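>
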Amino acid sequence: MNINIITKFKILILPVIFIGSLLIMFASPFVVKTSALSGSSFNASRIIDDSVFFDSNSMGAQDVQAFLNSKVPNCDTNHEAGGGYNPPFTCLKDYRQNIQGKSADAYCTGAVSGGMKSAAQIIKDVSVACSISPKVLIVLLQKEQSLITDTWPWPNQYEKATGYACPDTAPCDPEFAGFFNQIWYAARQFQRYVKQPQSFNFASGKTSFVSYQANNPGCGGTNITIQNSATAALYNYTPYQPNAAALNNLYGTGDICSAYGNRNFWRFFSDWFGSPVTGACYNGYTGPVNTNVVFRKERRVDYADLTIYSGASTGCVESHLWQSGYGQWLRHTASVQPSIDYPNTQLLYGDLDGSGNDYPVLFGLTGTTTGMIESHVLNQDMQRFLAHSASNRAIVDPGDMNIRLADLNGDGKDEPILVAYRNTGSGKIEFHAWAPGMQSWMYHIATNRAALDPSDSVVEFGDIDGDGRDEAILISFRNTGSSRIEFHVWNQGQWSWRSNIASNMSAIDPYTAKVMMADIDGDGRDEAILIGTKNTGSGRIEFHVWNNGMQTWKSHIISNQITIQ
39 MNINIITKFK ILILPVIFIG SLLIMFASPF VVKTSALSGS SFNASRIIDD
89 SVFFDSNSMG AQDVQAFLNS KVPNCDTNHE AGGGYNPPFT CLKDYRQNIQ
139 GKSADAYCTG AVSGGMKSAA QIIKDVSVAC SISPKVLIVL LQKEQSLITD
189 TWPWPNQYEK ATGYACPDTA PCDPEFAGFF NQIWYAARQF QRYVKQPQSF
239 NFASGKTSFV SYQANNPGCG GTNITIQNSA TAALYNYTPY QPNAAALNNL
289 YGTGDICSAY GNRNFWRFFS DWFGSPVTGA CYNGYTGPVN TNVVFRKERR
339 VDYADLTIYS GASTGCVESH LWQSGYGQWL RHTASVQPSI DYPNTQLLYG
389 DLDGSGNDYP VLFGLTGTTT GMIESHVLNQ DMQRFLAHSA SNRAIVDPGD
439 MNIRLADLNG DGKDEPILVA YRNTGSGKIE FHAWAPGMQS WMYHIATNRA
489 ALDPSDSVVE FGDIDGDGRD EAILISFRNT GSSRIEFHVW NQGQWSWRSN
539 IASNMSAIDP YTAKVMMADI DGDGRDEAIL IGTKNTGSGR IEFHVWNNGM
589 QTWKSHIISN QITIQ
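Just so we're aligned: the sequence shown equals residues 39 to 603 in our numbering.
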């Protein structure tokens with residue numbers, strides 16, 4: 039059930055290029071990576087979590103098709119004859135099969151209907167019927183026959199696509215040949231391992247000896263206490279583990295005692311879909327601890343979120359959401375995104391679909407693989423990516439420009455806006471708003487305000503009058519004429535001022551505190567909130583909420599969280 043050496047000698051590991059649409063919701067298989075995967079991260083007792091392995095909703099049929107398209111943009115259908123087979127050859131993205139279908143049984147509790155279907159549809163249908171993640175089936179097809187990246191697969195690769203009933207020491211059983219049969223019986227077999235653990239060698243919670251090489255007992259192995267059913271299923275399907283040589287050369291070959299099946303499964307999954315182990319990320323930024331406080335909307339109410347960009351014990355970008363009142367936590371989330379280098383990459387929240395709930399969006403401002411500003415939309419529990427886009431704008435210096443998500447046109451959805459503070463063509467603060475997909479611009483505005491140093495003033499957006507449309511607000515922290523924090527609210531169009539307010543609060547050091555706009559009581563109007571993150575009197579993060587007009591305080595709240603770096 040594994041091919042250790044690819045005999046066609048034409049397998050390429052291609053770099054990920056992010057292309058997609060920001061506002062078109064599809065379950066993209068890509069994850070933002072920052073460095074190469076390391077074999078030292080492989081955990082033989084926990085290769086993949088059950089919640090990941092059995093998640094049949096992780097991709098739809100269209101998502102599977104988009105993934106297959108991305109891996110082989112162009113098929114080599116007329117490649118010269120090889121292996122006794124003549125062209126034309128059919129890539130997996132174009133493969134179709136007329137199947138008879140399968141009835142539900144004790145292991146696959148859903149049925150699969152018959153008919154002519156694409157490979158992507160077959161993968162999805164079997165995934166749902168057998169409650170196995172389509173990502174797992176995709177990786178299995180690559181691990182066994184390299185079908186995902188092969189530009190001219192031979193027919194026999196489809197005949198034994200998942201290696202089911204194809205032991206390493208004997209020919210494949212022809213009863214189970216064919217692409218659909220291979221997918222169906224492999225997924226069904228994974229459920230047999232789970233539902234009849236006493237019938238197989240490896241089971242969750244059981245300590246078992248796992249060899250390094252199935253064909254050479256002299257190579258030895260180690261005892262492994264398997265932590266979950268999914269990992270046990272992988273060992274029952276491919277009964278050996280990678281040795282140190284295979285892990286030390288993760289993208290190549292090891293030594294005579296190396297086997298690669300479960301190593302390659304883990305490697306492909308990690309490279310294509312992120313960590314297969316929830317709450318543990320690999321390949322992340324290894325710089326110092328970096329955190330931020332932002333707001334995210336749930337059910338049309340803004341909640342404060344302590345975001346950890348780097349330095350978390352999980353190695354992931356983490357979200358820690360406060361309850362209203364900031365005295366207790368509502369939720370702690372380790373995302374699937376490895377740690378990032380803030381502010382080169384920033385996590386923002388925006389209501390992309392008008393539902394009243396914000397989506398987390400990672401924006402890469404500089405150092406991206408495409409050389410363009412990139413956006414990467416996560417689902418709301420931050421466990422998978424929904425969309426990726428390489429925009430039409432080249433990367434920028436985050437010291438000169440940043441991105442905000444705001445609804446300036448009043449359609450109920452937030453649009454991404456590039457705010458340029460200095461080094462602009464007009465010599466003014468500029469707003470550049472993207473149209474959906476980030477491939478074209480919705481508008482460009484050179485405001486009435488001269489360019490400035492963003493370490494003294496920032497632009498925030500908030501609906502301060504409750505009309506459903508965000509106002510743009512220039513908030514000046516220091517070096518103000520009044521020696522106070524000042525709020526300068528633009529009229530629509532940003533060519534004139536609606537109001538200029540010197541607040542009741544003295545100027546501050548923006549490295550120890552910040553001002554944000556948020557609707558924390560759900561009345562449809564955003565309040566201005568001074569957030570003390572460092573050097574506070576209490577030693578904790580503090581929230582100071584202004585009344586309308588910013589001349590008096592509505593509330594002062596000391597949170598349960600000590601100040602941050």
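Each residue gets a CB set at the ideal place from its N, CA and C atoms; glycine is no exception.
As the structure is a prediction and not an experimental result, all values here were calculated from the model.
Nearest-angstrom Cα distance between K451 and L443?
Cα to Cα, the separation comes out at about 9 Å.
> Quick one: measure Cβ to Cβ for G299 and K181, integer angstroms, because I've assumed they're closer than 8 Å.
The Cβ separation is near 6 Å, so the contact holds.
> Where do the N-terminal and C-terminal ends of the beta strand (DSSP E) with A342 fall, by residue?
Unbroken beta strand (DSSP E) run through A342: 339–348.
> Is there contact here, the segment 327–340 with the segment 104–115, by at least three beta-carbon pairs under 8 Å?
No: fewer than three Cβ pairs fall under 8 Å.
> What's the C-alpha gap between H482 and F469?
When rounded, the distance between both Cα atoms is 6 Å.
> Based on DSSP bridge pairs, tell me the residues matched to M554.
DSSP lists I567 as partners of M554.
> Can you give me the C-alpha to C-alpha distance between I596 and L359, rounded to a whole angstrom?
Answer to the nearest angstrom: the Cα atoms are 15 Å apart.
> If you compare alpha carbons, which of W192, R578, S537 is closest to G587?
It is S537 whose Cα lies nearest to the Cα of G587.
> Report the three-state DSSP secondary structure of S156 (helix, strand or coil).
In the structure shown, S156 sits in a strand (DSSP, three-state: E or B).
> Classify A488 as buried or exposed, calling it buried when 16 or more other Cβ atoms lie within 10 Å of its own Cβ.
It counts as exposed.
> Classify A284 as buried or exposed, calling it buried when 16 or more other Cβ atoms lie within 10 Å of its own Cβ.
Result: buried.
> Here's a check: name, in chain order, each residue in its chain whose Cβ is nearer than 8 Å to the Cβ of W591, leaving out the five neighbours to either side.
Within the same chain, W591 has close Cβ partners N542, H582, V583, W584, N585.
> Roughly how many angstroms separate the alpha carbons of N107 and K173, rounded to a whole number?
Those two C-alpha atoms are separated by around 15 Å.
> State the Cα-Cα distance for the pair S296 and G290, rounded to the nearest angstrom.
The straight-line gap from Cα to Cα measures roughly 11 Å.
> Per the contact definition of three or more C-beta pairs closer than 8 Å, is the segment 232–239 in contact with the segment 208–218?
Taking 8 Å as the limit for Cβ pairs, the verdict is that the segment 232–239 does not touch the segment 208–218.
> Hey, S171 and D93 are a contact pair by Cβ (cut 8 Å); roughly how many whole angstroms apart?
Between D93 and S171 the Cβ distance is about 5 Å, and since that is below 8 Å, they are a contact.
> Please work out which residues of its chain come closer than 8 Å, Cβ to Cβ, to T404, disregarding the five sequence neighbours upstream and downstream, and give them in chain order.
N382, I433, V434, D435, P436, listed in sequence order.
> Cα separation between A271 and A142?
Distance between the alpha carbons of A271 and A142: 21 Å.
> Could you check whether the segment 488–504 touches the segment 458–473, counting it as contact only if at least three pairs of C-beta atoms, one from each stretch, sit closer than 8 Å?
The answer is yes - the segment 458–473 touches the segment 488–504, with three or more Cβ pairs under 8 Å.
> Assuming the contact rule is C-beta atoms closer than 8 Å, I176 and I186 should be a hit. Round their C-beta distance to whole Å, please.
Contact flag correct, Cβ pair sits at about 6 Å.
> Do you know whose CA, among S237, P398, A540, lies nearest S520's CA?
Checking every option, the nearest Cα to that of S520 belongs to A540.
> Where do the N-terminal and C-terminal ends of the alpha helix (DSSP H) with A402 fall, by residue?
Residue 402 is actually Gly in this sequence, not Ala. Element bounds for G402: not the alpha helix (DSSP H) but the beta strand (DSSP E), 397–402.
> Mind checking who V150 pairs with in its DSSP beta bridge?
K140, per the DSSP bridge assignment.
> For A82 and S373, I'd like the C-alpha separation in whole angstroms.
Taking the straight line joining both Cα atoms gives about 22 Å.
> By how many angstroms is the C-alpha of A428 removed from the C-alpha of V496?
C-alpha separation (whole angstroms): 25 Å.
> The alpha helix (DSSP H) with W192 in it runs from where to where?
Careful: W192 lies outside any alpha helix (DSSP H) and carries neither H nor E.
> Is it a yes or a no for the segment 562–571 touching the segment 495–514, going by three-plus beta-carbon pairs under 8 Å?
Yes, the segment 562–571 is in contact with the segment 495–514.
> Tell me the rounded alpha-carbon separation between N95 and C319.
Approximately 21 Å between the Cα atoms of the pair.
> So within the segment 249–322, which uninterrupted beta strand (DSSP E) runs reach at least 3 residues, ignoring any that extend past its ends?
Counting only runs of 3 or more, we get 259–263.
> Leaving out five residues before and five after A144 in sequence, what residues of the same chain have Cβ atoms less than 8 Å from its Cβ?
Taken in chain order, the residues that qualify are K233.
> Based on the DSSP secondary-structure assignment, which residues constitute the bridge partners of G500?
Paired residues: E509.
> Identify whether P126 lies in helix, strand or coil by the three-state DSSP scheme.
Correct three-state label for P126: coil.
> Could you give the residue range of the beta strand (DSSP E) that holds E182?
That residue, E182, is in no beta strand (DSSP E); its alpha helix (DSSP H) goes 172–183.
> For F247, I'd like the list of residues in its chain whose CB is within less than 7 Å of its CB, leaving aside the five on either flank, ordered along the chain.
Closer than 7 Å at the Cβ level, and outside the excluded window around F247, lie G259, N261.
> Among P209, G388, L416, which residue has its Cα nearest to the Cα of L446?
Of the candidates P209, G388, L416, the one whose C-alpha sits nearest the C-alpha of L446 is G388.
> From E509 to G325, what does the alpha carbon distance come to, in whole angstroms?
One C-alpha to the other measures close to 36 Å.
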